[in-house]
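Report on the following structure.
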Ligand code: AMP
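Structural data, given as structure tokens:
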């Protein structure tokens with residue numbers, strides 16, 4: 005199953021994507037994670053993407069298509085994948101669809117994590133992220149050891165600063181929300197998931213939609 009997760013920054017796509025991936029035994033592909041790792045490692049991809057990411061802007065579609073292509077071609081993705089934040093513009097939705105046609109595959113489900121903007125701002129302003137495993141934490145301070153993967157440290161993502169958060173929400177409204185209409189037109193149907201609730205509650209809503 006190829007499952008696309010849509011929703012604004014802070015809606016819980018990453019956390020729920022990880023849970024769904026474990027449950028369905030398929031990899032989670034997150035372009036944001038790939039890009040942050042590239043920035044941390046100082047690779048050419050990271051150098052190209054860093055400024056846009058720090059501002060809260062999107063990186064160019066062709067860069068994302070390259071990451072998507074490589075990730076979907078990996079043997080681990082043969083049974084399916086959870087695509088977290090991978091489709092953020094209509095050209096990316098089109099590009100993914102044609103890439104999958106070439107592979108004899110298709111997007112099977114699109115889940116939209118639905119949440120009010122004031123809750124997003126509240127979540128993102130209190131979020132720290134492990135610089136190694138990239139898991140988000142709430143109510144924990146930058147500099148603390150992650151404790152989950154052994155050697156990571158919690159940092160505040162530059163794009164979780166208030167100006168960048170405002171920018172990311174605007175980018176979501178302007179460039180990503182049209183993707184919802186694109187899928188409504190081309191399929192599969194977009195299913196809205198109420199993203200407010202405990203991790204378990206939101207996960208079971210998503211699993212129910214997927215037929216589990
Ligand atoms: P995320 O971790 O999903 O919030 O992504 C962090 C940042 O990476 C975004 O604010 C963008 O700058 C960049 N990014 C991640 N995925 C994409 C994408 N599909 N298209 C464009 N930019 C992306």
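Residue numbers (the working numbering): 5 to 216.
Positions of the beta carbon are idealized from the N, C-alpha and C atoms, including for glycine.
Remember, predicted model here, so these are calculated numbers, not experimental data.
Beta-bridge pairing of residue i - partner residues as DSSP gives them
i	result
residue 23	Beta-bridge pairing links residue 23 to no other residue.
residue 198	118
residue 212	BP columns for residue 212 are empty, so no partner.
residue 113	7
residue 159	133
Cut-off 8 Å between Cβ atoms - residues of its own chain near residue i, not counting five sequence neighbours on either side
i	result
residue 15	117, 118, 119, 124, 199
Where the alpha helix (DSSP H) containing residue i begins and where it ends
i	result
residue 73	65–77
residue 187	181–190
residue 173	166–175
Outcome for residue i when other beta-carbon atoms lying within 10 angstroms are tallied against a minimum of 16
i	result
residue 204	exposed
residue 12	buried
residue 105	exposed
residue 212	exposed
residue 174	exposed
residue 51	exposed
residue 187	buried
residue 170	exposed
Residues of its chain near residue i, where Cβ-Cβ distance is below 6 Å and the 5 sequence neighbours each way are ignored
i	result
residue 81	31
residue 164	128, 131
residue 5	84, 112
residue 237	For residue 237 there is no data in the structure shown, the boundaries of the chain being 5 and 216.
residue 97	91, 183, 186
Sequence-distant residues of the same chain with beta carbon closer than 7 Å to residue i, five excluded per side
i	result
residue 138	37, 40
residue 172	13, 60, 163
residue 159	132, 133, 135, 146
Beta strand (DSSP E) runs wholly inside the segment 124–154, at least 3 long, in chain order
131–134, 140–142
Alpha helix (DSSP H) runs wholly inside the segment 8–59, at least 4 long, in chain order:
17–28, 35–45, 48–59
Mind listing, in chain order, the continuous alpha helix (DSSP H) runs of no fewer than 4 residues lying wholly within the segment 80–106?
Unbroken alpha helix (DSSP H) stretches of 4 residues or longer found wholly inside the segment 80–106: 94–106, given in chain order.
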